[in-house]
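Participant:
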C-alpha cells in the first residue's frame, strides 16, 4: 500500500513540477534578454505560482486520503469546462510540438459537484495519454475531440482521439494499477484517474471509437438545482 501511494504521489506531482521547472527556466532566459520582456516574465511567474499551488493541493489531497481513507472527496460546485480549459492551456506547447489538432464541442455547460484539482488531474492525464497514442499515426491524422454535455443525469466530458484504438485484450485491464502498454510507463495514470472519479461519485470508462481511436468518458454528479 505504501509503495502504491508513493508511486501515485510521484506520478501526480510530476505534472505540476515539470510545468513549474519549465516556467522558472523561461524566466531565467527572459531576464537575460536586453531589454527583458517583463510582461512575459510576469506571465511565466504567475504560471509557476499556479503550478506550485497545484502541487500543494495534490499533496494535501493525498494526505487526506491517508488520514481518512473511507471519506469521499470534498466536492464543490464547478463548471466542468474550467479544468478542461486549464489543461488545454497548460498543454498547448505539446499540441503545437506534436502537431495535434483539438476540437472542443459543448452541448450545454455542465455544472458538477467535484474536486477541481482532481478533475484537472484526470483531464491532464487523459490528454497526455492521447498525445502519446497519436505518435503512432501520421501527422495529418492527429486529432483530439473533446465533448462536454449531460448524459443519463450526469455531467460528461469525453476525450476521443484518432489513434489506433484499444486492443481487445488490453481494454479489460486498462484501469489496473501498474498495467501499461507504453515503454517506461508506470501504469498508474488511468488507475489513479478512475479512483479520483469514483471518489467524487462519478465514473471513468473507456471504449473504442468509430471509425477509429479511443474514447474516454468522465462522468460526474450534476449540481442539484
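In this note's numbering, the protein residues as written are 16 to 240.
For every residue, glycine included, the Cβ atom is placed at its ideal position computed from N, Cα and C.
#1: Measuring CB to CB, does residue 240 end up less than 8 angstroms from residue 127?
#2: Take residue 181 as the anchor and find which of 224, 124 and 24 has the nearest alpha-carbon.
#3: Compute the distance between the beta-carbons of residue 148 and residue 178, then report whether it is under 8 angstroms.
#4: Do residue 28 and the ligand GDP come close, with the Cβ less than 7 angstroms from some heavy atom?
#5: Which one of 238, 183 and 209 has the shortest CA to CA distance from residue 222?
#6: Closer than 6 angstroms by C-beta to residue 121: which residues in its own chain qualify, once you throw out the five before and the five after it? Chain order, please.
#7: Whole alpha helix (DSSP H) runs in the region 95–163 with 4 or more residues, listed along the chain?
#8: If we call anything under 8 angstroms between Cβ atoms a contact, is residue 72 one with residue 38?
#9: Is the beta carbon of residue 45 less than 8 angstroms from the beta carbon of residue 36?
#10: Write down the C-beta distance between residue 95 and residue 216 rounded to the nearest angstrom, noting that I regard them as a contact closer than 8 angstroms.
#11: Alpha carbons only, please: which of 109, 211, 118 and 47 is nearest the one belonging to residue 132?
#12: Buried or exposed for residue 49, please, with buried defined as at least 16 other CB atoms from any protein chain shown within 10 angstroms of its CB.
#13: Name the residue from 34, 230, 141 and 27 whose alpha carbon lies nearest to the alpha carbon of residue 99.
#14: Mind checking residue 52: buried by the 16 CB within 10 Å criterion, or exposed?
#15: Just the Cα atoms here: how many angstroms apart are residue 185 and residue 60?
#16: How many angstroms separate the CA atom of residue 219 from the CA atom of residue 230?
#17: Using 8 angstroms for Cβ pairs, my map puts residue 139 next to residue 105. What's the rounded Cβ distance?
#18: Name the DSSP beta bridge partners of residue 93, please?
#19: Looking at the secondary structure, which residues open and close the alpha helix (DSSP H) in which residue 178 lies?
#20: Let me check understanding here. Comparing Cα to Cα, which of 152, 125, 110 and 165 lies closest to residue 14?
#21: Residue 260 to residue 208, Cα distance in whole Å?
#22: Between which two residues does the beta strand (DSSP E) containing residue 233 stretch?
#23: Say whether chain C places a C-beta atom closer than 8 angstroms to the C-beta of residue 39.
#24: Is residue 90 closer than 8 angstroms to residue 66 when the C-beta atoms are compared?
Facilitator: Short version:
#1: no
#2: 224
#3: Less than 8 angstroms separates the beta-carbon of residue 148 from that of residue 178.
#4: For the ligand GDP, the structure offers nothing, since it holds no ligand at all.
#5: Residue 222 has its Cα closest to that of 183, out of 238, 183 and 209.
#6: 163
#7: As for any alpha helix (DSSP H) of minimum length 4 sitting wholly inside the region 95–163, the runs are 96–113 and 131–148, ordered along the chain.
#8: The Cβ atoms of residue 72 and residue 38 lie no closer than 8 angstroms to each other.
#9: no
#10: 14 angstroms between Cβ atoms; not a contact.
#11: 211
#12: Exposed, because fewer than 16 other Cβ atoms sit within 10 Å of the Cβ of residue 49.
#13: 141
#14: exposed
#15: 41 angstroms
#16: 11 angstroms
#17: 7 angstroms
#18: 127.
#19: Note, residue 178: premise wrong, no alpha helix (DSSP H); not H, not E.
#20: Beyond the ends of the chain as shown, which are 16 and 240, falls residue 14; an answer cannot be given.
#21: With the chain covering 16 to 240 only, the question about residue 260 has no answer from this structure.
#22: 229–236
#23: Of the chains in the structure shown, none is chain C; there is only one protein chain.
#24: no
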